[in-house]
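Residue numbers (my numbering): 181 to 469.
Glycine is no exception: its CB is placed at the ideal position from the N, C-alpha and C atoms.
Some notes on the structure that comes next.
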């Protein structure tokens, strides 16, 4: 009895194996095949086989949701030949009054021109005294007001002697100036015409200094009449005597011109002389006995 059962069991093993292989192929084919009749048109997802894992996301989830349109940005044209402001709607613009300037410098107005009542004088740099009381600088020719200018060729007489007081007065005036800047009440723009004006160096009145030291005469009715009378009484400057030149050496006498070399060797008295068409040395002086 056991032998038939053993033979039957041996025959059943290949049959069972064949059934297992056939069942596996059937399950694999059912996972990869989708029947069209089983797809629901209203369903969001496609039915999948129960594999024990979580269902995948639908294919439409990768599409981003629609967003509201952004407002158009205003821009201007970038073109080498066209420079235009951005286009803005007129209803959004509002014209307002400009703010007040922070200071007067922001107004950028032209400077107010100087008038005679507004300035204390014009600086004349590196003045040149052409005479006592006459100044030339920066295109100006200024005669110090309140005085009578002493010309450089004027000659004064004192104690029966004449002396060039005009040159002496000009020299004294130049020594007083010493190239310092002179401030005169003349217009800012110079001219070629001579101008009579008050001048000063620092706080020193130029006309007052000239009259006090006797290097100019006070004009009649001018502000320096009293100072002129004092200088005349004290015999200062041009009102005094001739300067003492005893300590000054005379100019050196003119020296004789140096002898010049002969221009040609054929001149008379030269080393060689011509005799009979031939050159021979000139006769030398005989030595003294």
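(message) So, with DSSP's three-state summary, where would you put residue 218?
(response) Position 38 of the chain shown, counting from 1, holds the residue named residue 218. Residue placement at residue 218 is flagged as unreliable, the pLDDT there being 49, under the threshold of 50; the coordinate-derived value follows with that caveat. Under the three-state reduction of DSSP, residue 218 is assigned to helix.
(request) Could you name the residues that DSSP lists as bridge partners for residue 320? (result) Stepping through the chain shown from its first residue, residue 320 is reached at position 140. According to DSSP, which records beta bridges pairwise, residue 320 is partnered with 317.
(request) Ignore the nearest five residues each way along the sequence and tell me which others in residue 405's own chain have a CB closer than 6 Å to its CB. (result) Stepping through the chain shown from its first residue, residue 405 is reached at position 225. Answer for residue 405: 398, listed in chain order.
(message) Strictly by DSSP, which residues pair up with residue 304?
(response) The count along the chain shown starts at 1 and reaches residue 304 at position 124. DSSP lists 362 as partners of residue 304.
(request) Could you please give me the residues that DSSP links to residue 379 through a beta bridge? (result) For this step, residue 379 is matched to residue 199 along the chain shown. DSSP, once it has assigned bridges, lists 364 as partnering residue 379.
(request) Report the three-state DSSP secondary structure of residue 409 (helix, strand or coil). (result) As a first step, residue 409 is located in the chain shown; it is residue number 229 there, counting from the start. Note: residue 409 maps to helix in three-state DSSP.
(request) Please name the residue in 324, 335 and 417 whose C-alpha comes closest to that of residue 385. (result) Within the chain shown, the letter at position 205 stands for residue 385. Answer by Cα proximity: 324.
(request) Determine the direct distance from the alpha carbon of residue 424 to that of residue 368, and round the result to whole angstroms. (result) Sequence index remark: in the chain shown, residue 368 carries index 188 (1-based). Sequence index remark: in the chain shown, residue 424 carries index 244 (1-based). When rounded, the distance between both Cα atoms is 44 Å.
(request) Could you say if the region 334 to 343 and the region 387 to 395 meet the contact criterion of at least three C-beta pairs nearer than 8 Å? (result) no
(message) Taking the straight line between their C-alpha atoms, what separation do you get for residue 308 and residue 277?
(response) Within the chain shown, numbered from 1, the residue matching residue 308 stands at position 128. Within the chain shown, numbered from 1, the residue matching residue 277 stands at position 97. Cα to Cα, the separation comes out at about 57 Å.
(message) Beta-carbon within less than 7 Å of residue 215's beta-carbon, same chain only, minus the 5 sequence neighbours each way: which residues are those?
(response) Indexing the chain shown from 1 puts residue 215 at position 35. Here residue 215 scores only 49 on pLDDT, less than 50, and its place in the model should not be relied on; the value that follows carries that caveat. The beta carbon of residue 215 lies closer than 7 Å to none in the same chain, with the five residues before and after it left out.
(request) May I ask you to list the residues that DSSP assigns as paired with residue 348? (result) Along the chain shown, read from residue 1 onward, the residue named residue 348 stands at position 168. Beta-bridge pairing links residue 348 to no other residue.
(message) Using a 10 Å radius around the Cβ and a threshold of 16 neighbouring Cβ atoms, would you call residue 314 buried or exposed?
(response) As a first step, residue 314 is located in the chain shown; it is residue number 134 there, counting from the start. So residue 314 ends up on the buried side.
(request) Identify every residue that forms a DSSP beta bridge with residue 384. (result) Within the chain shown, the letter at position 204 stands for residue 384. Bridge partners of residue 384: 381.
(message) Given a cut-off of 9 Å on the beta-carbon distance, is the pair residue 329 and residue 317 in contact?
(response) If you number the chain shown from 1, residue 329 lands on position 149. If you number the chain shown from 1, residue 317 lands on position 137. No, Cβ-Cβ distance for residue 329 and residue 317 is not below 9 Å.
(message) My output table needs one value for residue 329: the three-state DSSP class, helix, strand or coil.
(response) What you label residue 329 is simply residue 149 of the chain shown in a count that begins at 1. It is coil, neither helix nor strand.
(request) Would you kindly report the start and end of the unbroken beta strand (DSSP E) that includes residue 338? (result) To locate residue 338, count along the chain shown from 1; it is residue 158. Counting along the chain, the unbroken beta strand (DSSP E) around residue 338 starts and ends at 336 to 338.
(message) Quick check: the Cα distance between residue 351 and residue 413, rounded to an integer number of angstroms?
(response) Taking the first residue of the chain shown as position 1, residue 351 is located at position 171. Taking the first residue of the chain shown as position 1, residue 413 is located at position 233. Their backbone Cα atoms lie some 22 Å apart in a straight line.
(request) Spatial neighbours of residue 305 within its chain, please: CB distance less than 8 Å, with the 5 preceding and 5 following residues excluded, ordered by chain position. (result) Mapped onto the chain shown, residue 305 falls at position 125. Closer than 8 Å at the Cβ level, and outside the excluded window around residue 305, lie 317, 318 and 361.
(request) To the nearest angstrom, report how far apart residue 321 and residue 382 are at their CA atoms. (result) Here residue 321 refers to the residue found at position 141 of the chain shown. Here residue 382 refers to the residue found at position 202 of the chain shown. Using only the alpha carbons, I get a separation of about 20 Å.
(message) Just to confirm the assignment, what range does the beta strand (DSSP E) spanning residue 342 have?
(response) Position 162 of the chain shown, counted from the start, is the residue given in the question as residue 342. Per DSSP, residue 342 belongs to the beta strand (DSSP E) from 341 to 343.
(message) Going by DSSP in three states, residue 205 sits in which element: helix, strand or coil?
(response) Residue 205 sits at position 25 when you count from the first residue of the chain shown. Residue state, collapsed to three classes: helix.
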